[in-house]
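From first to last, the protein sequence lines are chains A and B. For the first sequence, my numbering gives the first residue as 3, with consecutive numbering after it. For the second sequence, my numbering gives the first residue as 802, with consecutive numbering after it. Yeah, the Cβ is synthetic: ideal placement off N, Cα and C, and Gly gets one too. Just so we're clear, the structure is a prediction, and the values are computed from it rather than from any experiment. First the structure, in the form of structure tokens, and then the observations on it.
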Amino acid sequence: MAEALTAPALDEANAAFVMSGTMVSLASRNPANVPSVTRALGCRLSADRRRVTVLVAASQAGALLEDVAATGAIAAVFSQPSTHRTIQIKGSDARIEPATPGDSQGIEARAAALVADMTPLYTESFVRTVFAHDPADLVAVSFTPATAFEQTPGPQAGRRL
Amino acid sequence: MTLSVDAIRDCLEGAVPSLVATCAPDGTPNVSYVSQVHYVDPGHVALTYQFFNKTRANVLANPRTTLFLVHPETLARYRVAATYLRTETAGPLFESMKAKLAGIASHTGMTGVFRLLGADIYRVLEIAAVPGAQLPAPAPRRSLLAAVRASAERLGACGDLASLFDATLDCLERHFDVRHAMLLMYDGALERLYAVASRGYASSGVGAEIPLGRGVIGVAARERAPIRIADATTEYGYGRAARAGAAALGAQLEDEIPFPGLPGSRSQLAVPVVACGRLAGAIYVESLEYQRFGYDDEDALVALAAQLGASIPLLQAAEAGEDAPAAAPERAPVEGAAVAVRHYAANDSVFVGDDYLIKGVAGSILWKLVRDYVERGRVEFSNRELRLDPSIRLPDVSDNLEARLVLLARRLEERCPVLRIEKTGRGRFRLCVRRPLRLVSG
Chain A
3 MAEALTAPAL DEANAAFVMS GTMVSLASRN PANVPSVTRA LGCRLSADRR
53 RVTVLVAASQ AGALLEDVAA TGAIAAVFSQ PSTHRTIQIK GSDARIEPAT
103 PGDSQGIEAR AAALVADMTP LYTESFVRTV FAHDPADLVA VSFTPATAFE
153 QTPGPQAGRR L
Chain B
802 MTLSVDAIRD CLEGAVPSLV ATCAPDGTPN VSYVSQVHYV DPGHVALTYQ
852 FFNKTRANVL ANPRTTLFLV HPETLARYRV AATYLRTETA GPLFESMKAK
902 LAGIASHTGM TGVFRLLGAD IYRVLEIAAV PGAQLPAPAP RRSLLAAVRA
952 SAERLGACGD LASLFDATLD CLERHFDVRH AMLLMYDGAL ERLYAVASRG
1002 YASSGVGAEI PLGRGVIGVA ARERAPIRIA DATTEYGYGR AARAGAAALG
1052 AQLEDEIPFP GLPGSRSQLA VPVVACGRLA GAIYVESLEY QRFGYDDEDA
1102 LVALAAQLGA SIPLLQAAEA GEDAPAAAPE RAPVEGAAVA VRHYAANDSV
1152 FVGDDYLIKG VAGSILWKLV RDYVERGRVE FSNRELRLDP SIRLPDVSDN
1202 LEARLVLLAR RLEERCPVLR IEKTGRGRFR LCVRRPLRLV SG
């Protein structure tokens, strides 16, 4: 944790990857260590790359928002479908924040990048539907990256970045 | 009320990766994409164990997991609460997952990266639908239940084994829209499957053999479990299996019947046929289409195979009875130069002229028939006398004599204009000879 406070866990390359056409998902857990999970819609990074803010549809998040509020534990996974390149970022100080007016636009940009990445294996309408949302339903989960892991499928998955 | 795993099986095809969330004992969550959540039964799923990763370390310490699944066509989303039970490292489920994983690995360019170490079994605690925008579900290709019904009626009406084999392939084509299919019977003594009928291939491949345990068909037969692959791989390729089988036999002669196959086959499904608790054979279907066969197709073909398996022993028993000998036929003229029929005792292979025809039990049957014809002028035979003849090395149990006669008749029809076998009644048949025969023991 101390390390995370002094240096951003995300270097420039990983920050760029996180903000490119990647699928985003989140996991947390409740006080009894029962995990919760949801697919997320988008992501923001603070200018100093010390704060990751993931956007989710509250109506789809299940127990995750409650778990984040109760425990602050978070794991976020970012994956590029065409290459399977995947990284996971973890933190322990996650909190729920309101979405901001620009978030829907950010989600649109991500969706457009993923349409380019995922067609023709998936149709454009399929990818667009993944990201369809009601802006009023958006909520942000914000945390300090403490650790990051390579998670591209293969024996090297789990290597700390 | 929780949904059953049956209700969300389409989400388990691997077309859209699933999410698996776990939690370490210290409270650190982990989330991972997995290509395969495998259907086990209405209350259980299985995950592939390929590497000792964080997910696996976590579930061994804290079995509670939460999965997030997405329907590959409608995008319907589901959250599944589950708990890890155990790991299987052999058996039907393991083999089925291994084959499917190989297919996914090939499709995603990850061949060699994915290797199945175990099937991790989870009990499903709850399945909840997650709200969200969806796409309309595509119209079903056909009603598989209606296809099973029509096929069951057709198979139930068959009076002998040859028409049962043909009816099975007819039904696959007409009712299931399967264009490439093969039916194989099992030789328990040699532990091999041999093709007795096929549809949709350049050559029929009748008589081609697959060793038990090799390729999609051999593994399905050995495990008595369906093996279904969305994108075929070389690891499970039947061509390779057939060649390896040939090498294992140490065959000195050109006595292999090439295995038929679909170049560029992408979807494959092999279903075992079990009769009275014993492996009787296998149905094999394939397609150029990616993910042509789903869970429902697998269910439907298993039902069809069950009907086939129930019919085989009944029709075999019917042939054990015997009609009165047929009236002496008007014989077609036997003319022209003599044709050499050569028999090699080592594997009972029979060559007509220079061409390989058949081997094994079917080979020894043919050799007996032509000997009786040349030495005694006989052309009328009964299944019963073959079963009692010590020169035909039929395995004691479940001899499959009738299936071998079907195989022999079809090989002759395809390959040998000089000889033919004609069924003349229940348990009786006739050898038709067009040219003088010269017998040679090789």
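Close-in-space but distant-in-sequence residues of the same chain around residue i (CB under 7 Å, 5 per side omitted)
| i | result |
| --- | --- |
| A:ALA42 | VAL26, SER27, LEU28, VAL56, LEU57, VAL58 |
| B:THR829 | none |
| A:THR64 | Here the sequence assigns Gly to residue 64 of chain A, which means Thr is not the residue at that position. Around A:GLY64: SER38, THR40. |
| B:ALA1119 | ARG1227 |
| A:ALA17 | LEU47, ARG51 |
| B:ALA1022 | TYR987, LEU994, LEU1013, PRO1073, LEU1080, ALA1083 |
| A:MET21 | CYS45, LEU47 |
| B:ARG1194 | VAL1162, SER1165 |
| B:LEU902 | GLN837, THR849, PHE915, LEU917 |
| A:ARG159 | Going by the sequence as given, residue 159 of chain A is Ala instead of Arg. Excluding sequence neighbours, A:ALA159 sits near GLU152, GLN153. |
| B:LEU1244 | Because chain B in this structure spans residues 802 to 1243, residue 1244 of chain B falls outside the shown range and cannot be described. |
Chain A contact for residue i (CB, 8 Å cutoff)
| i | result |
| --- | --- |
| B:ALA1119 | no |
| B:ALA877 | no |
| B:PHE1060 | no |
| B:GLY815 | no |
| B:PRO932 | yes |
| B:ALA822 | yes |
| B:ARG1000 | no |
| B:ARG810 | no |
| B:LEU804 | no |
| B:ARG1093 | no |
| B:ARG880 | yes |
Neighbour flag for residue i against chain B, beta carbons, 8 Å
| i | result |
| --- | --- |
| A:ALA60 | no |
| A:PRO37 | yes |
| A:ALA134 | yes |
| A:ARG97 | no |
| A:GLN153 | yes |
| A:PHE128 | yes |
| A:ARG87 | no |
| A:SER30 | yes |
| A:SER27 | yes |
| A:THR24 | no |
| A:GLY160 | yes |
Residues bridged to residue i (per DSSP)
| i | result |
| --- | --- |
| A:PRO37 | A:ARG31 |
| A:PRO90 | Just to set this straight, residue 90 of chain A is Gln in the shown sequence, not Pro. Beta-bridge pairing links A:GLN90 to A:VAL79, A:PHE151. |
| B:LYS1244 | For chain B, the structure presents residues 802 to 1243; residue 1244 of chain B sits outside this window and is missing. |
| B:GLN1069 | B:ILE1030, B:GLU1087 |
| B:ASN831 | B:THR823 |
| B:SER1150 | B:TYR1145 |
| B:ILE928 | B:VAL881 |
| B:PHE1182 | B:PHE1230 |
| A:PHE172 | The structure shown does not extend to residue 172 of chain A, since chain A is modelled only from 3 through 163, so no value can be given for it. |
| B:ASP1190 | In the DSSP output, where bridge partners are listed per residue, B:ASP1190 has none listed. |
Neighbourhood of residue i by C-beta, 6 Å cutoff - its chain only, sequence neighbours within 5 removed
| i | result |
| --- | --- |
| B:ILE1108 | For the record, residue 1108 of chain B in the displayed sequence is Gln; it is not Ile. Only ALA953, LEU956 meet the Cβ criterion. |
| B:SER963 | Reading off the sequence shown, one finds Ala at residue 963 of chain B, where the question assumed Ser. Once the five neighbours on either side are set aside, the close Cβ partners of B:ALA963 are VAL1207. |
| B:LYS1257 | Nothing about residue 1257 of chain B can be read from this structure; chain B reaches only from 802 to 1243. |
| B:LEU1105 | SER952 |
| A:GLU5 | Confidence at A:GLU5 is low in this model, with a pLDDT of 43, below 50, so its placement is unreliable and the value that follows should be read with caution. No residues qualify anywhere along the chain. |
| B:VAL1254 | Past the boundaries of the shown model lies residue 1254 of chain B; chain B is included only from 802 to 1243, so the question cannot be answered. |
| B:ALA1071 | VAL1017, ILE1018, ALA1021, ILE1028, ALA1083, TYR1085 |
| A:THR149 | LYS92 |
| A:SER30 | SER38, LEU66, ASP69, VAL70, ALA75, ILE76 |
Beta-carbon proximity list for residue i, same chain, < 8 Å, skipping 5 on both sides
| i | result |
| --- | --- |
| A:HIS135 | LEU43, ALA59, SER106, ILE109 |
| B:GLU874 | ASP811, LEU936, ALA938, PRO939 |
| A:THR119 | Residue identity differs from the one stated: residue 119 of chain A is Asp in this sequence, not Thr. Same-chain partners within the cutoff: GLY23, GLN82, PRO83, SER84. |
| B:PRO1218 | ARG1235 |
| B:TYR854 | Reading off the sequence shown, one finds Asn at residue 854 of chain B, where the question assumed Tyr. The residues are SER833. |
| B:SER1112 | LEU956, GLY957, CYS959, LEU965 |
| B:THR890 | LEU918, GLY919, ALA920 |
Touch test, the region 1177-1187 of chain B against the region 1221-1233 of chain B, Cβ-Cβ under 8 Å, three pairs minimum | Enough Cβ pairs lie closer than 8 Å, so yes.
Does the region 867-886 of chain B come within contact of the region 1006-1026 of chain B, defined as at least 3 CB pairs closer than 8 Å?
-> no
Check distances from the C-beta atoms of the region 829-861 of chain B to those of chain A and list, in chain order, the residues that come in under 7 Å.
-> Listed in chain order, the positions of the region 829-861 of chain B with a beta carbon within less than 7 Å of a beta carbon of chain A are THR829, PRO830, ASN831, VAL832, SER833, TYR834, PHE852, ASN854, LYS855.
Can you list, in chain order, the residues of the region 861-873 of chain B whose Cβ is nearer than 8 Å to any Cβ on chain A?
-> Taking 8 Å as the Cβ-Cβ cut-off against chain A, the residues of the region 861-873 of chain B that qualify are ASN863, ARG865, THR866, THR867, LEU868, PHE869, VAL871.
Using 8 Å as the Cβ pair cut-off and three pairs as the minimum, do the region 964-983 of chain B and the region 71-80 of chain A touch?
-> no
Of the residues that make up the region 920-949 of chain B, which ones have a beta carbon closer than 9 Å to any beta carbon in chain A?
-> ALA929, VAL931, PRO932, GLY933, ALA934, GLN935, LEU936
If you pair each beta-carbon of the region 87-97 of chain A with each one of the region 134-154 of chain A, do three or more pairs fall below 8 Å?
-> yes
Three or more beta-carbon pairs under 8 Å between the region 1155-1174 of chain B and the region 1096-1105 of chain B, yes or no?
-> They do not touch, by the three-pair rule.
Short-range partners of chain B found in the region 70-87 of chain A, where Cβ spacing is below 9 Å = Within the region 70-87 of chain A, the qualifying residues are THR73, ALA75, ILE76, ALA77, ALA78, VAL79, SER81, PRO83, HIS86.
Could you please tell me which residues of the region 108-129 of chain A, in chain order, have their CB closer than 7 Å to any CB of chain B?
-> Listed by position, the residues of the region 108-129 of chain A near chain B (Cβ gap below 7 Å) are SER127, PHE128.
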